[in-house]
Amino acid sequence: MEAALLADLHAGFSQVESDAERTRLYAHDWWPRPLMRLRSGEALTPPEAVVAPADRDELMRLVGWCHTRALAIVPYGAGTGVCGGALPVTGAITLDLKRLNRIGTLDEVSGTVEVEPGVIAQALEDHLQHRGWTLGHFPSSVNCSTVGGFLAIRSAGQASSFYGKFEDAVVGLDAVLADGSLFRARPVPQSAAGPDLKRLFLGGEGTTGIIAGATLRVWPEPQVAIDRGLLFPDIESGLAACRTLLWTGLRPHVWRLYDETDTAMVFGGQGLDVPEGCLCIVGAEGDPEVAGFVAGTARRIMVEGGARDLGEEPGRHWRAHRHGMSYRFAELMKPGGMLGDALALDTMEVASTWSRIVPAYHAIKQAISPHLDLVMAHFSHVYPEGASIYFTFGKAGAGNEELALASYDAAWEAGQRAALSAGASITHHHGVGLLRAPYLEDELGAVGLDVLRRVKGALDPHGLLNPTKLGLDLRASP
Amino acid sequence: MSAPLPLIDDATREAAVHGSWCPKLCSHACPVLSATGRDDAVPWSLHRTVADLAARHISAASAARQLEACTGCLGCQVPCVFGQDVPAQVRAGRAAVAAAGSPLDARQAAVTAVAAGRSPYHVPTPAVPTASTTPDPVELTVVVGCRDTTEVVAAAAVLYEAAGVCARFVVPDGCCGAILTDLGAPDEAAEAGRSLRDRIGEGPTVVLDPHCLGSTGTREAIHVTTSLAELVDRGDLTFADGDLGPVAYHDPCLLARGPAPVIEPPRRLLAAAGYTVVDPEASARHTGCSGAGLGFDLVDPDAAAAVARRRGTQLDAAAPTAATACSGARRMLSAERGSVHDVLVLLAARLTRTPT
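Those protein sequence lines, which keep their order, are chains A and B. So in our numbering, the last spot in the first sequence is 478, and the numbers never skip. So in our numbering, the last spot in the second sequence is 1356, and the numbers never skip.
Okay, structure coming up:
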């Protein structure tokens, strides 16, 4: 970045940082690949400048200022995305949105809340729960990620089977366009006034506009949560029972089915005997009578489908430790981690229709296993027509970071190609970023990608918003 | 790679390295981040800075700027399954940058003030009640904090006298040392602590300001509300009957999340004095922060005020009257919210037996 431009940036905005020893904190997000490079001793390139506007007006002014100077922008929330969507780009500023952190009106008649993008999601949840409400969005990153980040990648929480994905909670949306103007989708429950323009920005990962605020659906805080564990003999019977349950019209808040390996990790991790089969966790929340009915019906259908009822204890344990794997990340991935140096570790979530989900599971597992030491998966985020498969995988590099990276890359390439071949999506809720950019054309099709690029071209003709991300421009991927 | 800086010990460095590989899972609990949106306030950023400083990946001057945004509230420790002590790492980092010639500005000012026997907060030295200066025999030593006011000290004196306890009040020479530790002056803090220890002598000790519990000079001390609650429980301290209505109680961070949490005693005292204690949003172990800790109000007064404003809003929503048991919190919250009472002052006004 030219010195004069940087000087103007410093002079024009309230919080600008260009000291590389400070901007180094923005050199990566939580995509494991750059973290592995960092662990190997590589110095990751920080952004040339980080700007943190104080409010929406300054955000609009900044984006407009960048537009007139053809200066690219990488939006950054908490830096916890796992696909590289917030990685810095040469010649671009990084836009830290955490100062836009106001929680606005809670409309307790409509059940909506206004929020700015920089609010940490759990902070919003704490605010709501104190007032008797909940967002119902509980991904394992809820403690660390921003509302804006969740919207930008179309996040899903552990209770999405009832509450929906995060994008489904959006009632109104504000986004700053590449020229600094403000797009506003008024908060209305539904509309038939043409295509839903909010969807141009949800999942856009900051490439089509910068989310500046949202009106979100909230729910009365559940009075009860009833969680139960069941054991199916195999994944096929569990998935079949899930379909039966969903087709009754009932929606459990939580439905998760672990494969045999994941089941062994769950029980073994507690020092318990590992049973043969697949653990299923079913949770129902809300009004006691309604939740009791859902829980009871779910139990009946699961048992009729071949499950053995394990009672409520596995459900209680799941709820108490449901973010536990994220807390283990540092133990595993830090230099000298508990599984040794140079561990490759990641998750891959895809989605498939019921008719294809079992073949997709086997195909992906078979494709990635040769590159890895451990592959396990669970099925969750269920819909009447299908579900997500969430793989967790790792390979102990035995101190060889090059081997770890090669294994990591090979596993992703094999897994994504297998998912596409099996008719699954390449992602369910982590987004694309840089990680999945090479696979987007096969996901969307050539015409589909062209449509997306035309949309991008119309909204951001100079390609200034989060360049290289979302598979829209592969030329400059770091 | 260079050797670690000498003042960051291995355990602290390893904890910081561990934290810098954690995916920021305590971010929601940071009051500075919530109030200001500052990225350097994310506990992960502080871990990373201390780790990078220890490994000499960043300069001491740069690290000093990046170790400002923490109030030492330990809010981030509550969700942490590893019990990470971020403030301890920040203190170590601040000491290291000072040793490397890049101290925080506030550190130098505080050291100078304490060396001259003045409060680093520029608070006038509170008057010690005459009746309490030479009790015989001394049953209790009360350590006065460097942000305590004459009003609070007088209230404490009245309460102990009403309970028949002979209390001696000790005002440290400028500071007990805790704030010096917080700002990265461990040697000066140790000296202040030793000086205070010599003046306290033997016997039970209480502190008025929870921050003094971090001083080496008051290692065995308890907080004044714990002591007074025991007197109420024994029937030695009684208050007039009455219903004074609701009071929102702000749990001081260092009491609610300290090594020996003090959560119920202040509530019991207020209830005994006729108040209906209301817990505001974020209470007890999950208490919000006033911005008063770890010298944040000296290091970055504007940001500390933003933290206090946010907390003040939560207190406002709970009840028209608010109280706390920390002079630092009272000072910060009063500046942003209007009057926030010290628990001792409210109690002293409700005594049934006025000391003679």
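Yeah, the Cβ is synthetic: ideal placement off N, Cα and C, and Gly gets one too. Source: prediction; values computed, not measured.
So, is the C-beta of residue i closer than 8 Å to a C-beta in chain A?
i                      : result
residue 1025 (chain B) : yes
residue 1037 (chain B) : yes
residue 942 (chain B)  : A query on residue 942 (chain B) cannot be resolved here, the shown segment of chain B reaching from 1001 to 1356 and no further.
residue 1215 (chain B) : no
residue 1102 (chain B) : no
residue 1022 (chain B) : yes
residue 1048 (chain B) : yes
residue 1017 (chain B) : yes
residue 1170 (chain B) : no
residue 1211 (chain B) : no
residue 1339 (chain B) : no
residue 1058 (chain B) : yes
residue 1062 (chain B) : yes
residue 1034 (chain B) : yes
residue 980 (chain B)  : Nothing can be reported for residue 980 (chain B): it is not among the residues displayed for chain B, which extend from 1001 to 1356.
residue 1334 (chain B) : no
According to DSSP, simplified to helix, strand and coil, what is residue i?
i                      : result
residue 246 (chain A)  : helix
residue 1243 (chain B) : coil
residue 66 (chain A)   : helix
residue 308 (chain A)  : strand
residue 163 (chain A)  : helix
residue 213 (chain A)  : strand
residue 382 (chain A)  : strand
residue 1099 (chain B) : helix
residue 352 (chain A)  : strand
residue 1121 (chain B) : coil
residue 329 (chain A)  : helix
residue 391 (chain A)  : strand
residue 232 (chain A)  : strand
residue 1071 (chain B) : coil
residue 1212 (chain B) : helix
residue 1265 (chain B) : helix
residue 201 (chain A)  : coil
residue 1141 (chain B) : strand
Hey, residue i and residue j are a contact pair by Cβ (cut 8 Å); roughly how many whole angstroms apart?
i                      : j                      : result
residue 1138 (chain B) : residue 1126 (chain B) : Wrong, their Cβ atoms sit about 19 Å apart, outside the cutoff.
residue 156 (chain A)  : residue 262 (chain A)  : Actually they do not touch by this definition, with Cβ atoms about 18 Å apart.
residue 207 (chain A)  : residue 470 (chain A)  : 5 Å
residue 341 (chain A)  : residue 32 (chain A)   : About 15 Å separates the two Cβ atoms, so there is no contact after all.
residue 238 (chain A)  : residue 257 (chain A)  : 4 Å
residue 353 (chain A)  : residue 386 (chain A)  : 4 Å
residue 185 (chain A)  : residue 115 (chain A)  : Contact doesn't hold; Cβ gap of about 15 Å is too wide.
residue 1263 (chain B) : residue 1256 (chain B) : 6 Å
Would residue i count as contacting chain B if we go by Cβ distances under 8 Å?
i                     : result
residue 120 (chain A) : yes
residue 66 (chain A)  : no
residue 464 (chain A) : no
residue 105 (chain A) : no
residue 406 (chain A) : no
residue 71 (chain A)  : no
residue 334 (chain A) : yes
residue 248 (chain A) : no
residue 80 (chain A)  : yes
residue 61 (chain A)  : no
residue 400 (chain A) : no
residue 99 (chain A)  : yes
residue 178 (chain A) : no
residue 396 (chain A) : no
Comparing C-alpha positions only, which one of the options sits nearest to residue i?
i                      : options                           : result
residue 1163 (chain B) : B:1237, B:1117, B:1056 and B:1286 : B:1237
residue 1298 (chain B) : B:1093, B:1219, B:1017 and B:1107 : B:1107
residue 1247 (chain B) : B:1347, B:1219 and B:1295         : B:1347
residue 1031 (chain B) : B:1216, B:1335, B:1208 and B:1305 : B:1305
residue 46 (chain A)   : A:87, A:82 and A:36               : A:87
residue 316 (chain A)  : A:343, A:230 and A:364            : A:230
residue 1267 (chain B) : B:1260, B:1277 and B:1321         : B:1277
residue 1343 (chain B) : B:1021, B:1330, B:1205 and B:1089 : B:1330
residue 141 (chain A)  : A:170, A:130 and A:327            : A:327
residue 349 (chain A)  : A:432, A:107, A:64 and A:2        : A:432
- Selection of the stretch 317 to 334 of chain A by Cβ proximity to chain B, strictly under 8 Å: 323, 324, 326, 327, 329, 330, 331, 333 and 334
- Message: For the stretch 1259 to 1285 of chain B, list every residue whose C-beta sits within 8 Å of some C-beta in chain A, in sequence order.
- Response: 1281 and 1282
- Query: For the stretch 13 to 38 of chain A, which residues have a beta carbon sitting closer than 7 Å to at least one beta carbon of chain B?
  - Reply: 19, 21, 22, 25 and 30
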